[in-house]
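Chains A and B are the protein sequences, given in the same order.
469 is the number that this note's numbering gives to position 469 of the first sequence; each next residue is one higher, with no gaps.
Position in the second sequence counted from 1, then plus 517, gives you this note's numbering.
There are 2 protein chains.
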Amino acid sequence: MRQNMVLFNIHLKLNSYSHYDCTQMKRVASGISPVIAIDKRKRQFLYKQVYESYRQAIVEGRLAPGQRVPSTRVAAMELGISRIPVLDAYAQLLAEGYFESRVGSGTVVSRSLPDRAIPLRAASAPSPSASGGRRPVAKRCSALPSGGDLYRRRGRGAFAVGQVAFDHFPFQVWNRLVTRYSRRMRAGGLDYGDAMGLPDLRDAIASHLRTARGLHCQAEQILVVSGSQQGLELACRVLLDAGDRVWMEEPGYSFARSVFTSNDCRIVPVPVDSEGLDVASGIRQCRRARAAVVTPSHQYPLGATMSASRRLQLLDWAAKNEAWIIEDDYDSEHRYEGLPATSLQGMDRNSRVVYVGTLSKVLFPSLRLGYVVAPLDLVERFRAVRLAMDICPPTLFQNVLADFIREGHFSRHIRRMRTLYAERRSVLIESLRRELGSVAELSGGQAGMHLAILMNGIDDRVTADRAERVRLWLTPLSPAYHRSENARTGFILGLGSVPVQDIPDAVRKLGTILHGK
Amino acid sequence: MRQNMVLFNIHLKLNSYSHYDCTQMKRVASGISPVIAIDKRKRQFLYKQVYESYRQAIVEGRLAPGQRVPSTRVAAMELGISRIPVLDAYAQLLAEGYFESRVGSGTVVSRSLPDRAIPLRAASAPSPSASGGRRPVAKRCSALPSGGDLYRRRGRGAFAVGQVAFDHFPFQVWNRLVTRYSRRMRAGGLDYGDAMGLPDLRDAIASHLRTARGLHCQAEQILVVSGSQQGLELACRVLLDAGDRVWMEEPGYSFARSVFTSNDCRIVPVPVDSEGLDVASGIRQCRRARAAVVTPSHQYPLGATMSASRRLQLLDWAAKNEAWIIEDDYDSEHRYEGLPATSLQGMDRNSRVVYVGTLSKVLFPSLRLGYVVAPLDLVERFRAVRLAMDICPPTLFQNVLADFIREGHFSRHIRRMRTLYAERRSVLIESLRRELGSVAELSGGQAGMHLAILMNGIDDRVTADRAERVRLWLTPLSPAYHRSENARTGFILGLGSVPVQDIPDAVRKLGTILHGK
């Protein structure tokens, strides 16, 4: 390598006075001797190497404003290369303003460059990576958890939350559709799509929601988003200003809280009980809140289904106070006893509900597709904010999903998964009763892909850390509380990705960890 | 249809007093006679029909709290169906709290439901869709444009901005990779991915950026996002609080402004000239701004490349004032004369630059992939905000793209497109000079996939509307100005999706429209 490198010490000529603006010129310290390194074996074009070397030397202050550089002829000679790459490099440096050229004074480093400001600080300022500490950022993002509960337990199986029965996904059908659309991809499919999503998919979603979830909606109210997280973000940005107060379930989904706190909203934590959100408590605490964020079908994490009475109270409050209800219906399709509870949106006669859903639970999380059902008069504002956030959803999987729904694979998959999860759920409940019957209180097993166990007198975070070491993925309950003084301890147990035959063993493991404490 | 419908008038029995809480009971108006409709031919299960009919009647106030409902036996008889679906429906209505059942008093509509609050308002409140007007939403989203410039001209061809040479995309290679990963998709690929993006792709992007754009970066600084729009959003949310002031180019990219205004930041419009952003003017207007958003490689829309002097001034200002520079390098790969200008990020020695890039221009927009290069000490905060915004990017196309880059298809495609666009560009410039030489001033043809023409004394929006009628897609220049008093008129002409042989004709058409005015 070495023998192929040409090191070239630029001859410094102090042009201490120019006949132009001699008052502004400064003497350039003569000790600095920048080195231009050219490696002929490198694949990088020679002209680029010459250009880069000069640019670096200037940026780093090794060449100062007004300093003369050798002529292209001299430089080519000293570097032992042809003059053409040097001419090209000089042209580029002139064009970009690093060099300037004046009749009679040759080529010099541009005199309009700020004088030595950068290198002085660069040398003295500690590199942010080396110093270790983080420089201050926006206050609104300072308090966000860095990974959060979702990423805390990353293994698959018992009892990771938010995971689905990955092995039971109909890969073959899905891949056939992916191939179909990938092959059909033509020029037209490459352009930006509609910010609201693909019309075919919006049709299919609207029709599914009307049938399966009792929504009152048309395709034009549907926005395709990347999941319920983006759905909440979107709703927040359209409906709430900085400083606005918002009711949130206590305990609740901490990722949902992140959306509202990072948008400068103020959280009013409203307790939940077996009937869901305690609306009367919300009214007592803050009647004038601008919105309520609720999971009425299956409260996260405690699992209650919001009662009819509470639903009507909530709708009533929203209508009277011109407040908004953001309904997060994240896993409503998986209900095991009776019908899935109807959506709040379907009960609302005043268009006060924004409905948010996701396909992460019924299909799979890495698909990154979900939807928002916006009130008809606000559709245009939702569209505007979505455009500002990230323009539009990607196209291919929207096509695939539209066909997957229309051809009946979607309902079939939901039905199959409901049976599968129902079995896992009943084995889990049975095992928990046998193993922890007296010490743990079970909460919310009628629906969804998780349930909660409440236990007194434990440190659930520490226990979760301990469980991780034996590859048991526990999500502690206490971080689901906004105020630590409200916090109860326990665990949220996901049943989505744990095979039924593994459940009794996993629960025994859990028992050992808890009893061993 | 009719003969299959069973209409069933519920026998209203006024249970005016219960032996429980007679003081709270109210008389129910006797004129209301809710109708339960069952259609035996409908595919919906009978129990669901019974359930829905009762629920609707209650929600709409046709059945009042405390009102008695017929026994399951009677209901089944009158509906002419078996008792089982009625039992199931009643069980569900009891479980959800619509009904309550007390020994001795049979089944009644739940007395805890709010009394008739909903139907009264539902009847009187105008439906938001019917009333036409929009209800007020958050102030921060009120001013956002609803479609904006990007969506204004939606045809393909001359001179739509933001479009690429769709026909020249290497569909075959791309589809082979899509099929490869789609077939390989296993359980593991379905779960949430890393919020930062796929490690392989981050590696490939970092290496591309170091080589092609002169960035100082490692893979761990890369965040995969859905495009430069989400990149800007992310940077704004991490770095700026509500009320913070931010320098933005005047004229500039209106979608970028949307990000900052909808996040409650205050825009300081800083003029651009042939050297890019006028840093001295920014300092005069507001030295203490928290950030500057710039497009140094190819200013949008006027096309200047930021000069070395301005670059160093800007870096200097940021370092001195602990401000941030958000570098939007949206189409830097397409430069036709000399080397692409190096990135600001690569010149920065104080880690003050957040670099934002997109694949919408070098690959295609509906892919929805881009990247952010965050300063090393802030990576963790960028990750936290990204999680709060939408968890993580979708997986499949990240795999495809990583291979597309690693296998050399990416650089090959960029090189091919550079030649193609260079030809289109020179034909466009030539045609414009011939057709509009004296009336239009050309701006920014050295790089990128668009150029601007400045023209005095026209209404560019009206002209763009007129051009649309003859399928010529003009983007007016004046909306690119934040302050209308600064606005110059003209057009931004995209050259990405117009075949070279169509350009002379399209320019003639443009000439006719302009001269015909």
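Where a beta carbon is used, it is the ideal one built from N, C-alpha and C, also for glycine.
Open item on the list: Between A:Asp331, A:Glu250, A:Leu234, A:Ala187, which has its C-alpha nearest Arg488 (chain A)'s C-alpha?
Closed with: Translated into the one-based positions of the first sequence, residue 488 (chain A) becomes position 488. Nearest in C-alpha terms to Arg488 (chain A), of all of A:Asp331, A:Glu250, A:Leu234, A:Ala187, is A:Glu250.
- [ ] Would you decide whether Gln541 (chain B) is buried or exposed? Buried here means 16 or more other CB atoms lie within 10 Å of its CB.
- [x] Taking the second sequence and counting its residues from 1, one reaches residue 541 (chain B) at position 24. Only weak support is given to the placement of Gln541 (chain B): the predicted model assigns it a pLDDT of 34, under 50, and the value that follows is read from those uncertain coordinates. So Gln541 (chain B) counts as exposed.
TODO: Could you please give the first and the last residue of the uninterrupted alpha helix (DSSP H) stretch that includes Met389 (chain A)?
DONE: For the purposes of this step, residue 389 (chain A) is taken as the residue at position 389 of the first sequence. Unbroken alpha helix (DSSP H) run through Met389 (chain A): 379 to 390.
Open item on the list: Using CA atoms only, rank isn't needed, just tell me which of B:Val889, B:Val896, B:Phe927 is closest to Asp845 (chain B).
Closed with: Sequence index remark: in the second sequence, residue 845 (chain B) carries index 328 (1-based). Asp845 (chain B) has its Cα closest to that of B:Val889, out of B:Val889, B:Val896, B:Phe927.
Task: Endpoints, the beta strand (DSSP E) within which His967 (chain B) is located - done: Mapped onto the second sequence, residue 967 (chain B) falls at position 450. Segment 967 to 971, the beta strand (DSSP E) holding His967 (chain B).
Task: Interface partners of Glu233 (chain A) on chain B, CB under 9 Å - done: Working through the first sequence from its first residue, we reach residue 233 (chain A) at position 233. Those are Ala905, Met906, Asp907, listed as they occur along chain B.
TODO: Step through the CB atoms of chain A and report whether any lies within less than 8 Å of the CB of Leu876 (chain B).
DONE: Indexing the second sequence from 1 puts residue 876 (chain B) at position 359. For Leu876 (chain B), the answer is no, since every Cβ of chain A falls outside 8 Å of its Cβ.
Task: From B:Ser629, B:Leu694, B:Thr728, residue whose alpha carbon lies closest to that of Gln44 (chain A) - done: The sequence position of residue 44 (chain A) within the first sequence is 44, counting from 1. Among B:Ser629, B:Leu694, B:Thr728, the Cα nearest to that of Gln44 (chain A) is on B:Thr728.
Task: Cβ neighbour criterion (16 or more within 10 Å) applied to Val763 (chain B) - done: Locating residue 763 (chain B) in the second sequence gives position 246, where the first residue counts as 1. Taking every protein chain shown into account, the CB of Val763 (chain B) has 16 or more other CB atoms within 10 angstroms, so this residue is buried.
Task: Ile503 (chain A) - containing alpha helix (DSSP H), residue span - done: Within the first sequence, residue 503 (chain A) is the residue found at index 503, counting from 1. Start and end: 503 to 515.
Open item on the list: When you compare the region 690 to 710 of chain B with the region 912 to 932 of chain B, are there three or more beta-carbon pairs, one atom per stretch, that lie closer than 8 Å?
Closed with: yes
Open item on the list: For Glu220 (chain A), tell me which candidate among A:Gly346, A:Ser262, A:Phe382, A:Gln229 has the shortest Cα-Cα distance.
Closed with: For this step, residue 220 (chain A) is matched to residue 220 along the first sequence. Selected option, being the one with the closest Cα: A:Phe382.
- [ ] Can you grab the Cα-Cα spacing for the pair Asp538 (chain B) / Met248 (chain A), in whole Å?
- [x] In the second sequence, counting from the first residue as 1, residue 538 (chain B) sits at position 21. In the first sequence, counting from the first residue as 1, residue 248 (chain A) sits at position 248. Note on Asp538 (chain B): pLDDT 31, under 50, position unreliable in the model; no value is reported.
- [ ] Taking only the alpha-carbon atoms, compute the straight-line gap between Ala984 (chain B) and Ala323 (chain A) and give it to the nearest angstrom.
- [x] Within the second sequence, residue 984 (chain B) is the residue found at index 467, counting from 1. Within the first sequence, residue 323 (chain A) is the residue found at index 323, counting from 1. Distance between the alpha carbons of Ala984 (chain B) and Ala323 (chain A) is about 44 Å.
Open item on the list: Do Leu895 (chain B) and Val137 (chain A) have their beta-carbon atoms positioned less than 8 Å apart in this structure?
Closed with: As a working mapping, residue 137 (chain A) is identified with position 137 in the first sequence. As a working mapping, residue 895 (chain B) is identified with position 378 in the second sequence. Yes.
TODO: Report the partner residues of Arg942 (chain B) according to the DSSP bridge assignment.
DONE: Walking along the second sequence from the start, residue 942 (chain B) turns up at place 425. None; Arg942 (chain B) has no bridge partner.
TODO: Apply the 10 Å Cβ neighbour rule to His515 (chain A) and answer buried if 16 or more other Cβ atoms are within range, or exposed otherwise.
DONE: Reading the first sequence from its first residue, position 515 is the one you call residue 515 (chain A). Answer is exposed; the Cβ neighbour count stays below 16.
- [ ] Apply the 10 Å Cβ neighbour rule to Gln163 (chain A) and answer buried if 16 or more other Cβ atoms are within range, or exposed otherwise.
- [x] Here the question's residue 163 (chain A) lines up with position 163 in the first sequence. Burial call: buried.
- [ ] Express the C-alpha separation of Val356 (chain A) and Leu314 (chain A) in angstroms, rounding to a whole number.
- [x] Translated into positions along the first sequence, residue 314 (chain A) becomes position 314. Translated into positions along the first sequence, residue 356 (chain A) becomes position 356. Their backbone Cα atoms lie some 17 Å apart in a straight line.
Open item on the list: Checking 8 Å against the spacing of the C-beta atoms, do Ile970 (chain B) and Leu1010 (chain B) come in under that value?
Closed with: Reading the second sequence from its first residue, position 453 is the one you call residue 970 (chain B). Reading the second sequence from its first residue, position 493 is the one you call residue 1010 (chain B). Between Ile970 (chain B) and Leu1010 (chain B), the C-beta gap is smaller than 8 Å, which places the two residues in contact.
Task: Classification of Arg754 (chain B) by the beta-carbon crowding that lies within 10 angstroms, buried from 16 upward - done: Within the second sequence, numbered from 1, the residue matching residue 754 (chain B) stands at position 237. It counts as buried.
- [ ] Look at the alpha carbon of Arg628 (chain B) and the alpha carbon of Arg508 (chain A), and state the distance between them as a whole number of angstroms.
- [x] The residue given as residue 628 (chain B) occupies position 111 in the second sequence. The residue given as residue 508 (chain A) occupies position 508 in the first sequence. Cα to Cα, Arg628 (chain B) sits roughly 44 Å from Arg508 (chain A).
- [ ] Please classify Ser478 (chain A): does DSSP put it in a helix, a strand, or coil?
- [x] Residue mapping note: residue 478 (chain A) aligns to position 478 of the first sequence, counting from 1. Ser478 (chain A): helix per DSSP, three-state reduction.
Task: Where Pro1016 (chain B) falls: helix, strand or coil (DSSP) - done: As a working mapping, residue 1016 (chain B) is identified with position 499 in the second sequence. Note: Pro1016 (chain B) maps to coil in three-state DSSP.
- [ ] Answer with buried or exposed for Asn456 (chain A), where buried requires no fewer than 16 other C-beta atoms within 10 angstroms of its C-beta.
- [x] Start at 1 with the first residue of the first sequence, and residue 456 (chain A) comes out as number 456. Exposed, because fewer than 16 other Cβ atoms sit within 10 Å of the Cβ of Asn456 (chain A).
Open item on the list: If the criterion is Cβ atoms closer than 8 Å, does the pair Ser226 (chain A) and Gly370 (chain A) meet it?
Closed with: Reading the first sequence from its first residue, position 226 is the one you call residue 226 (chain A). Reading the first sequence from its first residue, position 370 is the one you call residue 370 (chain A). Yes. Within cutoff.
- [ ] Please list the residues of the region 873 to 902 of chain B that have a C-beta atom closer than 7 Å to any C-beta atom in chain A, keeping them in chain order.
- [x] So the list reads Phe881, Pro882, Ser883, Leu884, Arg885, Pro892, Leu893, Asp894, Leu895, Glu897, Arg898, Arg900, Ala901, Val902, given in the order they occur along the chain.
Task: Close beta carbons around Asp502 (chain A), own chain, < 8 Å, minus the five adjacent residues each side - done: If you number the first sequence from 1, residue 502 (chain A) lands on position 502. Answer for Asp502 (chain A): Gly157, Ala158, listed in chain order.
Open item on the list: By DSSP's criteria, Met765 (chain B) is part of a beta bridge. Which residues make up the other side?
Closed with: Start at 1 with the first residue of the second sequence, and residue 765 (chain B) comes out as number 248. Bridge partners of Met765 (chain B): B:Pro786, B:Val810.
Open item on the list: Counting only Cβ pairs nearer than 9 Å, list the residues of chain B close to Phe166 (chain A).
Closed with: For the purposes of this step, residue 166 (chain A) is taken as the residue at position 166 of the first sequence. Chain B residues near Phe166 (chain A): Arg703, Ala704, Gly705, Gly706, Leu707, Asp708.
Task: Euclidean distance between Cα positions of Val224 (chain A) and Val294 (chain A) - done: Within the first sequence, residue 224 (chain A) is the residue found at index 224, counting from 1. Within the first sequence, residue 294 (chain A) is the residue found at index 294, counting from 1. Approximately 20 Å, taken between the alpha carbons.
Task: Contiguous beta strand (DSSP E) assignments of at least 3 residues, all confined to the region 671 to 717 of chain B - done: none
Open item on the list: Tell me whether the region 926 to 942 of chain B and the region 168 to 181 of chain A touch, counting them as touching only if at least three CB pairs, one residue from each stretch, are closer than 8 Å.
Closed with: Contact fails: fewer than three Cβ-Cβ distances are below 8 Å.
Open item on the list: To the nearest angstrom, how far is the alpha carbon of Lys878 (chain B) from that of His851 (chain B)?
Closed with: Numbered from 1 along the second sequence, position 361 holds the residue referred to as residue 878 (chain B). Numbered from 1 along the second sequence, position 334 holds the residue referred to as residue 851 (chain B). Each residue's CA atom was taken as its position, placing Lys878 (chain B) and His851 (chain B) some 9 Å apart.
Task: Test item: CB-CB of Asp331 (chain A) and Ala704 (chain B) under 8 Å - done: On the first sequence, residue 331 (chain A) is found 331 positions in, with the first residue counted as 1. On the second sequence, residue 704 (chain B) is found 187 positions in, with the first residue counted as 1. Going by C-beta atoms, Asp331 (chain A) is not nearer than 8 Å to Ala704 (chain B).
Open item on the list: 8 Å is my cut-off, CB to CB: does Tyr98 (chain A) come that close to chain B?
Closed with: One-based indexing of the first sequence puts residue 98 (chain A) at position 98. It does: the Cβ of Tyr98 (chain A) has a partner Cβ on chain B nearer than 8 Å.
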